[in-house]
Amino acid sequence: MTKRILIIGGGSGIGRALASELSIRGDDVLIGARDTARTAADFPDLDVVHADLGDEASIAALAEAGSFDAVVSLAAAHANGPVGALDRQAVEGAFGAKVVGSILLAKHLAPVMRPGGVFVLFSGVAAWKPAPGLAVMATTNGAVSFLVEALAVELAPLRAVAVSPGIIDSGAWDGMGDDAKRQMFEKTAGANPVGRVGSPADVVSAVLLAIDNTFVTGTTLHVDGGGRLG
Numbered sequence: 021m022t023k024r025i026l027i028i029g030g031g032s033g034i035g036r037a038l039a040s041e042l043s044i045r046g047d048d049v050l051i052g053a054r055d056t057a058r059t060a061a062d063f064p065d066l067d068v069v070h071a072d073l074g075d076e077a078s079i080a081a082l083a084e085a086g087s088f089d090a091v092v093s094l095a096a097a098h099a100n101g102p103v104g105a106l107d108r109q110a111v112e113g114a115f116g117a118k119v120v121g122s123i124l125l126a127k128h129l130a131p132v133m134r135p136g137g138v139f140v141l142f143s144g145v146a147a148w149k150p151a152p153g154l155a156v157m158a159t160t161n162g163a164v165s166f167l168v169e170a171l172a173v174e175l176a177p178l179r180a181v182a183v184s185p186g187i188i189d190s191g192a193w194d195g196m197g198d199d200a201k202r203q204m205f206e207k208t209a210g211a212n213p214v215g216r217v218g219s220p221a222d223v224v225s226a227v228l229l230a231i232d233n234t235f236v237t238g239t240t241l242h243v244d245g246g247g248r249l250g
């Protein structure tokens with residue numbers, strides 16, 4: 021059965037892979053983005069609407085786009101660095117994109133979700149394996165995992181599921197340069213129980229599980245190769 025799915029933050033490597041897979045299987049995919057012109061150029065065959073998780077009016081307007089079977093948010097804003105050097109505005113932006121924005125998506129879109137509908141929110145391995153310089157990332161990712169538990173109870177029978185990727189070869193690390201990226205991936209693979217880094221397809225399969233399995237709610241799907249255990 022065809023599903024109607026809204027993806028917030030579809031411009032990432034994982035977002036692109038997800039949008040492509042959903043389209044291939046025949047779902048009706050809507051991309052929400054701040055820069056609609058650039059995103060429309062990237063997704064010429066999909067519908068694109070304005071969505072800024074820092075602007076509640078923008079989020080509320082999404083409800084006018086119709087009903088959804090799933091809302092997937094990959095939105096993130098980074099505020100990495102030593103705690104002593106963190107900028108308050110950047111920290112607030114990180115929480116706004118990942119935590120406050122997710123709450124507002126639930127606030128405004130729950131009324132237009134179809135039966136069996138689900139909010140799929142992105143957490144991340146840093147919440148379970150914190151590192152120096154990643155205090156904000158660890159905290160926002162952890163908050164998302166607690167949020168889906170709360171939403172699963174409050175919005176029931178609608179569902180809420182978090183997906184927590186580990187190190188994924190999604191293009192996000194390409195700016196490191198080939199040698200640095202290769203060394204980091206080799207180190208990660210050596211420490212992961214599964215012996216490799218992840219691919220966008222690994223994460224997409226977890227999102228599809230969250231969307232399709234209507235008996236899954238209030239939980240976090242870890243897609244990190246066991247990296248959080250090391």
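Adding 20 to a residue's 1-based position in the sequence shown gives its number in the numbering used here.
Cβ coordinates follow ideal geometry from the N, Cα and C atoms, glycine included.
| Asked | Found |
| --- | --- |
| For the 8 Å Cβ check, are there 3 or more pairs between the region 146 to 161 and the region 96 to 112? | yes |
| Threshold first: 3 residues or longer. Then list the beta strand (DSSP E) segments lying entirely within the region 71 to 134, N to C. | 88 to 93 |
| State buried or exposed for Ala59, treating a residue as buried only when at least 16 other CB atoms are found within 10 Å of its CB. | The sequence given here places Thr at residue 59; Ala does not occur at that position. The residue in question, Thr59, is buried, as its Cβ has 16 or more Cβ neighbours within 10 Å. |
| Touching or not, the region 162 to 172 and the region 142 to 151, by the rule of three or more beta carbon pairs under 8 Å? | yes |
| Which residue from Ala57, Lys118 and Gly238 puts its Cα closest to that of Ala176? | Gly238 |
| For a minimum of 3 consecutive residues, which ranges assigned as the beta strand (DSSP E) are wholly contained in the region 192 to 240? | none |
| Leu73 and Gly121: beta carbons closer than 7 Å? | yes |
| Would you list, in sequence order, the uninterrupted alpha helix (DSSP H) runs of no fewer than 4 residues that lie entirely inside the region 139 to 202? | 155 to 174 |
| Between the C-alpha atoms of Ile231 and His70, what's the straight-line distance to the nearest angstrom? | 23 Å |
| Quick one: residues in its chain with C-beta nearer than 7 Å to the C-beta of Leu42, no 5 flanking neighbours on either side, listed in chain order? | Ile25 and Val49 |
| Any idea what DSSP makes of Gly35, helix, strand or coil? | helix |
| Check whether the Cβ atoms of Phe142 and Leu94 sit closer than 7 Å, and answer yes or no. | yes |
| Give the straight-line distance between the Cα atoms of Val223 and Asn161, rounded to the nearest whole angstrom. | 16 Å |
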